[in-house]
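J.: In my numbering, the protein residues as written are 4 to 237.
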């Protein structure tokens with residue numbers, strides 16, 4: 004209210020402020036009738052900022068060669084990603100669904116794979132001895148040909164799986180020294196209900212399951228595919 008004009012008496016001010024209060028309370032009453040309390044959850048369509056903390060040694064893995072990985076994630080999830088030297092990752096997303104999905108993807112990428120973990124992986128290469136499954140950016144595992152179709156003999160992996168297929172797998176072997184990650188199908192009856200310890204005991208010392216994409220069954224180099232410490236994936 005502009006009170007600098009001349010001729011405004013105390014009574015006029017009092018009446019004006021009283022009317023303004025009544026109007027304000029009426030508006031608040033109408034609002035309360037529709038929404039009596041703040042929503043417990045933010046609208047899924049509301050923009051938001053989500054924070055994720057990663058190990059500083061993994062920043063290079065998130066950024067990727069020449070920024071390829073972080074740009075790809077930003078484009079795929081229609082979000083902006085900032086990361087500082089302390090490993091604090093900020094996700095600026097236009098809606099909750101995309102933001103949460105991106106957070107989950109980054110968390111999965113940074114997670115150290117353990118026996119018993121389940122992933123929805125993508126077939127990135129098929130060979131004569133199995134299929135390499137990308138569990139996360141920079142992390143692959145091998146689904147051996149003997150486990151491609153439980154209970155059936157498979158002569159050619161390409162008869163069952165194709166590059167780009169997405170399948171649910173479970174980690175049954177992790178050899179960090181040689182960079183090997185062995186996989187089974189998540190619905191494989193032979194591992195159903197088994198704990199991580201039982202899986203590790205069953206696969207220890209067995210089977211030539213490797214996480215390298217090059218080489219043959221039991222052959223090839225032992226160059227790790229599971230990268231850490233900010234090194235870029237080839």
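Using N, Cα and C, we set each Cβ at its ideal position, and we do this for glycine too.
#1: Can you give me the Cβ contacts of residue 59 inside the same chain, cut-off strictly under 7 Å, excluding the 5 residues immediately before and after it?
#2: Assuming residue 116 and residue 174 form a contact by the criterion Cβ under 8 Å, report the distance between their Cβ atoms to the nearest whole angstrom.
#3: Buried or exposed for residue 144, please, with buried defined as at least 16 other CB atoms from any protein chain shown within 10 angstroms of its CB.
#4: Give the range of the alpha helix (DSSP H) segment to which residue 17 is assigned.
#5: Can you give, in chain order, each stretch of the alpha helix (DSSP H) that sits fully within the region 85 to 134 and has at least 4 residues?
#6: According to DSSP, is residue 178 part of a helix, a strand, or is it coil?
#7: Taking residue 126 as the reference, give the member of 190, 106 and 139 with the closest Cα.
#8: Among 105, 163, 119 and 114, which residue has its Cα nearest to the Cα of residue 133?
#9: What do you get for residue 214, buried or exposed, if any count of 16 or more other CB atoms within 10 angstroms of its CB means buried?
#10: Going straight from the alpha carbon of residue 98 to that of residue 199, what length do you get?
#11: Considering Cα atoms alone, identify which of 121, 123 and 50 is closest to residue 82.
#12: Count the other CB atoms within 10 Å of the CB of residue 159; is the residue buried (16 or more) or exposed (fewer)?
#13: Express the C-alpha separation of residue 197 and residue 44 in angstroms, rounding to a whole number.
#14: So the candidates are 150, 141, 17 and 68; which of them puts its Cα closest to the Cα of residue 193?
#15: Please tell me whether residue 76 and residue 105 are closer than 8 Å, where the distance is taken between their beta carbons.
#16: At the level of alpha carbons, what is the spacing between residue 52 and residue 131?
T.: This is what the structure gives:
#1: Along the chain shown, one-based indexing puts residue 59 at 56. The answer, listed in chain order, is 88, 89 and 90.
#2: The residue labelled residue 116 in the question sits at position 113 within the chain shown. The residue labelled residue 174 in the question sits at position 171 within the chain shown. At roughly 6 Å, the Cβ-Cβ gap stays under 8 Å, so residue 116 and residue 174 are in contact.
#3: The residue you call residue 144 lines up with position 141 of the chain shown. That one is buried.
#4: Position 14 of the chain shown, counting from 1, holds the residue named residue 17. Note, residue 17: alpha helix (DSSP H), 13 to 37.
#5: 99 to 113
#6: Walking along the chain shown from the start, residue 178 turns up at place 175. If DSSP states are grouped into helix, strand and coil, residue 178 belongs with the strands.
#7: Here residue 126 is taken as the residue at index 123 of the chain shown, counted from 1. Selected option, being the one with the closest Cα: 139.
#8: Numbered from its first residue, the chain shown carries residue 133 at position 130. That would be 163, whose Cα lies nearest to the Cα of residue 133.
#9: Position 211 of the chain shown, counted from the start, is the residue given in the question as residue 214. Low per-residue confidence applies at residue 214: pLDDT is 42, beneath 50, and the placement is therefore not dependable, though the value from the model is reported in the following sentence. Residue 214 is buried by the Cβ-count criterion.
#10: Along the chain shown, read from residue 1 onward, the residue named residue 98 stands at position 95. Along the chain shown, read from residue 1 onward, the residue named residue 199 stands at position 196. Spanning the two alpha carbons is a distance of roughly 36 Å.
#11: Here residue 82 is taken as the residue at index 79 of the chain shown, counted from 1. The option with the nearest alpha carbon to residue 82 is 50.
#12: Within the chain shown, the letter at position 156 stands for residue 159. It counts as exposed.
#13: Residue mapping note: residue 44 aligns to position 41 of the chain shown, counting from 1. Residue mapping note: residue 197 aligns to position 194 of the chain shown, counting from 1. Cα-Cα distance, rounded: 37 Å.
#14: Here residue 193 refers to the residue found at position 190 when the chain shown is read from its first residue. Nearest of 150, 141, 17 and 68 to residue 193, Cα basis: 150.
#15: Sequence index remark: in the chain shown, residue 76 carries index 73 (1-based). Sequence index remark: in the chain shown, residue 105 carries index 102 (1-based). It is a contact, given that the beta carbons lie within the stated cut-off.
#16: The sequence position of residue 52 within the chain shown is 49, counting from 1. The sequence position of residue 131 within the chain shown is 128, counting from 1. Roughly 46 Å separates the two Cα atoms.
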